[in-house]
Amino acid sequence: MIIVLRQGTQQQDIDKLTSILVTKGISVNPMFGSDLTILGLIGDTSQVDPAQIESFRCVERIMKVAEPFKKANRMFHPGQSVIKVGNTEVGGRKLSVMAGPCSVESKEQITYVAQEVQKAGATVLRGGAFKPRTSPYAFQGLKYEGLRLLEEARAATGLPIVTEIMSPYDIEIFDEKVDCIQVGARNMQNFDLLRLLGQTLKPILLKRGLSSTIEEWLMSAEYIMSGGNPNVILCERGIRTYETYTRNTLDLSAILAVKKLSHLPVIVDPSHATGKFWMVEPLARAAIAVGADGVMIEVHNDPAHALCDGAQSIRPELFSEVMDDIRKIAAVVGREI
Ligand code: PEP
Ligand code: MN
-4 MIIVLRQGTQ QQDIDKLTSI LVTKGISVNP MFGSDLTILG LIGDTSQVDP
46 AQIESFRCVE RIMKVAEPFK KANRMFHPGQ SVIKVGNTEV GGRKLSVMAG
96 PCSVESKEQI TYVAQEVQKA GATVLRGGAF KPRTSPYAFQ GLKYEGLRLL
146 EEARAATGLP IVTEIMSPYD IEIFDEKVDC IQVGARNMQN FDLLRLLGQT
196 LKPILLKRGL SSTIEEWLMS AEYIMSGGNP NVILCERGIR TYETYTRNTL
246 DLSAILAVKK LSHLPVIVDP SHATGKFWMV EPLARAAIAV GADGVMIEVH
296 NDPAHALCDG AQSIRPELFS EVMDDIRKIA AVVGREI
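Following the working numbering, the numbering of the sequence shown begins with -4 at its first residue and continues without gaps.
In structure tokens, the structure reads:
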């Protein structure tokens, strides 16, 4: 971090500012030019509140040199993180494909879809038990019964399970029952939830918030990691823009940005990104081509009667074609499945 001081700043003001920074463990290196004085700060500047520093009259401007996220930052962890989810890994050479219905609806439905996606080559079974719905009158998920049915589907197929958590009260039960805990877009900045998830070691699939910047998303990962849980997987699921044709706008450039900024694995969810089943296959191909570590895809046995997100859900037959495509693209980009 660099602090530019106003012209004519007195030494006593520099000393006052320096003494505050030193108490935060920062070393302060002044540089005196003919017009300007600047202070170069070295140390953990995450402890420095720019608003507090700006309140000093002698401060003209503050410039951040490093990003505010540390544990998620590639600069301090140049190797790629590989995260174990049940019997599979996310972030290594092998791609991850998390597939399954938006919501667990019945034992027959989740078991059938689990078997179909497993046959096609999925590596993780997804299925919502607690659903964050815009309307309180819409289907809210089977809740604890849904978790139980997911466990049964895991037992039937051997696929690890990922499902969304909504409340901090459920952390213990999720920690016990599921292989990966999903934090949905709507909870990406539920900081109490993130902090508490940082106290577990369970892999967390952190979806990008509805209108979040990449930095905000990585700062949310930082909340989990700073609590002691390094096992974070990011998921780009589209962001809100002025475009209304698609449910959201898929930001594929975010994959490149995240790969540059962070060592965490990142996957793409083309289902929620577009809201349209016929866009899922081409965008899954694009996601792998651009360097994502995998995809998350909604698959339903009968999309027309799905209790949630039918329009963006693909049938098992189409999912199988998507898997064939992913295999081909994987070979081109030096990955495998
Ligand atoms: C989901 O995965 O079913 C979901 C609700 O996703 P998002 O949080 O990305 O909207
Ligand atoms: Mn959904």
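Ideal placement from N, C-alpha and C gives every residue a C-beta, glycine not left out.
**Study point:** Cut-off 8 angstroms between Cβ atoms - residues of its own chain near A325, not counting five sequence neighbours on either side
**Key:** The count along the sequence shown starts at 1 and reaches residue 325 at position 330. Cβ within range, chain order: L90, I283, E331 and I332.
Check your understanding: R218: which of Q6, K11, A67 and D8 sits nearest, CA to CA?
Key -> Residue 218 sits at position 223 when you count from the first residue of the sequence shown. For the sequence presented, residue 218 should be read as Tyr rather than Arg. With distances taken between Cα atoms, Y218 lies closest to A67.
Practice item. May I ask whether a heavy atom of ligand 2 can be found less than 7 angstroms away from the beta carbon of C97? Key: For the purposes of this step, residue 97 is taken as residue 102 along the sequence shown, with counting starting at 1. Yes; taking the cut-off as 7 angstroms, the Cβ of C97 has a heavy atom of ligand 2 nearer than that.
Check your understanding: CB-CB under 6 angstroms to V108, same chain, minus the five flanking residues each way: which ones, in chain order?
Key -> Residue 108 sits at position 113 when you count from the first residue of the sequence shown. Same-chain partners within the cutoff: G95, P96, V294 and N296.
Exercise for review: Take the Cβ of W273 as the centre, count every other Cβ of all protein chains shown within 10 Å, and call the residue buried at 16 or more, exposed below.
Suggested key: Here residue 273 refers to the residue found at position 278 of the sequence shown. It counts as exposed.
Practice item. Any chance you could list the beta strand (DSSP E) runs of at least 3 consecutive residues sitting entirely within the stretch 204 to 239, in chain order? Key: 227 to 231
**Study point:** Residue span of the beta strand (DSSP E) that contains L145, given as start and end
**Key:** Here the question's residue 145 lines up with position 150 in the sequence shown. Taken as a continuous stretch (DSSP letters only), L145 belongs to no beta strand (DSSP E), being part of the alpha helix (DSSP H) at Y139 to T152.
Review point. Within 10 angstroms of its Cβ, does Q177 collect 16 or more other Cβ (buried), or is it exposed?
Key: Position 182 of the sequence shown, counted from the start, is the residue given in the question as residue 177. Buried: at least 16 other Cβ atoms inside 10 Å.
Check your understanding: Can you give the beta carbon distance from V157 to M93, rounded, assuming they're within the 8 angstroms contact cut?
Key -> To locate residue 157, count along the sequence shown from 1; it is residue 162. To locate residue 93, count along the sequence shown from 1; it is residue 98. That pair is a contact at about 6 angstroms.
Practice item. Could you tell me how far apart the beta carbons of I37 and V(-1) are, in whole angstroms, since I believe they sit closer than 8 angstroms? Key: Walking along the sequence shown from the start, residue 37 turns up at place 42. Walking along the sequence shown from the start, residue -1 turns up at place 4. About 16 angstroms; that fails the 8 angstroms criterion.
Practice item. Could you spell out the range, first to last residue, of the alpha helix (DSSP H) harbouring K271? Key: For the purposes of this step, residue 271 is taken as residue 276 along the sequence shown, with counting starting at 1. Element bounds for K271: n/a, residue is neither H nor E.
Exercise for review: Could you tell me the distance, in whole angstroms, from the CA atom of E111 to the CA atom of G222?
Suggested key: Residue numbering aside, residue 111 sits at position 116 when the sequence shown is read from its first letter. Residue numbering aside, residue 222 sits at position 227 when the sequence shown is read from its first letter. About 37 angstroms.
Review point. Could you check where the alpha helix (DSSP H) with A301 kicks off and where it finishes?
Key: Here residue 301 refers to the residue found at position 306 of the sequence shown. Premise fails: A301 is in no alpha helix (DSSP H) and is neither H nor E.
Practice item. Could you check if T129 is buried or exposed, using at least 16 other CB atoms within 10 Å of its CB as the buried criterion? Key: Working through the sequence shown from its first residue, we reach residue 129 at position 134. Counting Cβ neighbours within 10 Å, T129 comes out exposed, since fewer than 16 surround it.
Check your understanding: What's the gap between the Cα of F314 and the Cα of I321?
Key -> Counting from 1 along the sequence shown, the entry for residue 314 is found at position 319. Counting from 1 along the sequence shown, the entry for residue 321 is found at position 326. Roughly 10 angstroms between the two C-alpha positions.
**Study point:** Straight-line Cα distance separating Q184 from L142
**Key:** Counted from its first residue, the sequence shown places residue 142 at position 147. Counted from its first residue, the sequence shown places residue 184 at position 189. The alpha-carbon atoms of L142 and Q184 are separated by roughly 24 angstroms.
Exercise for review: Determine, using beta carbons only, whether L229 and P260 come nearer to each other than 8 angstroms.
Suggested key: For the purposes of this step, residue 229 is taken as residue 234 along the sequence shown, with counting starting at 1. For the purposes of this step, residue 260 is taken as residue 265 along the sequence shown, with counting starting at 1. Contact: yes.
Review point. Should H300 be listed as close to ligand 2, given that the test is whether its C-beta is under 7 angstroms from any heavy atom?
Key: By 1-based counting over the sequence shown, the position of residue 300 is 305. It does not: the Cβ of H300 is nowhere closer than 7 angstroms to a heavy atom of ligand 2.
Review point. Where does M93 fall in DSSP's three states?
Key: Residue 93 sits at position 98 when you count from the first residue of the sequence shown. Strand.
Exercise for review: Counting only the same chain and skipping the five closest in sequence on each side, list residues whose C-beta sits under 7 angstroms from that of R88.
Suggested key: Counting from one through the sequence shown, the residue named residue 88 turns up at place 93. Result list for R88: R330 and E331, in chain order.
Exercise for review: Starting from F27, follow the beta strand (DSSP E) in both directions and report where the run begins and ends.
Suggested key: Counting from one through the sequence shown, the residue named residue 27 turns up at place 32. It spans S22 to F27 - the beta strand (DSSP E) in which F27 sits, taken as one unbroken run.
Point to revise | Contained alpha helix (DSSP H) runs [length at least 4] in the stretch 149 to 206, N- to C-terminal order | key: 166 to 172 and 186 to 192
Review point. What separation, rounded to the nearest whole angstrom, lies between the Cα atoms of S207 and I234?
Key: Within the sequence shown, numbered from 1, the residue matching residue 207 stands at position 212. Within the sequence shown, numbered from 1, the residue matching residue 234 stands at position 239. Cα-Cα distance, rounded: 7 angstroms.
Review point. A109: beta carbon under 7 angstroms from a heavy atom of ligand 1?
Key: Position 114 of the sequence shown, counted from the start, is the residue given in the question as residue 109. No, since every heavy atom of ligand 1 falls outside the 7 angstroms radius drawn around the Cβ of A109.
Review point. Touching or not, the stretch 38 to 53 and the stretch 120 to 139, by the rule of three or more beta carbon pairs under 8 angstroms?
Key: no
Check your understanding: Applying the criterion that 16 or more other CB atoms from any shown protein chain within 10 Å of the CB defines a buried residue, is N243 buried or exposed?
Key -> Counting from 1 along the sequence shown, the entry for residue 243 is found at position 248. Counting Cβ neighbours within 10 Å, N243 comes out buried, since at least 16 surround it.
Check your understanding: Near R1, which residues of its chain fall below 6 angstroms by C-beta distance, leaving aside the five closest residues on each side in sequence?
Key -> Taking the sequence shown and counting its residues from 1, the one referred to as residue 1 is at position 6. Answer for R1: C53 and E55, listed in chain order.
Exercise for review: Starting from M70, trace the beta strand (DSSP E) both ways and give me its first and last residue.
Suggested key: Start at 1 with the first residue of the sequence shown, and residue 70 comes out as number 75. Run containing M70: none; DSSP gives neither H nor E here.
Exercise for review: Can you tell me which of the three DSSP states M318 falls into?
Suggested key: Taking the first residue of the sequence shown as position 1, residue 318 is located at position 323. Three-state result, M318: helix.
Practice item. Could you check what DSSP says for V294 in three-state terms: helix, strand or coil? Key: Taking the first residue of the sequence shown as position 1, residue 294 is located at position 299. Strand.
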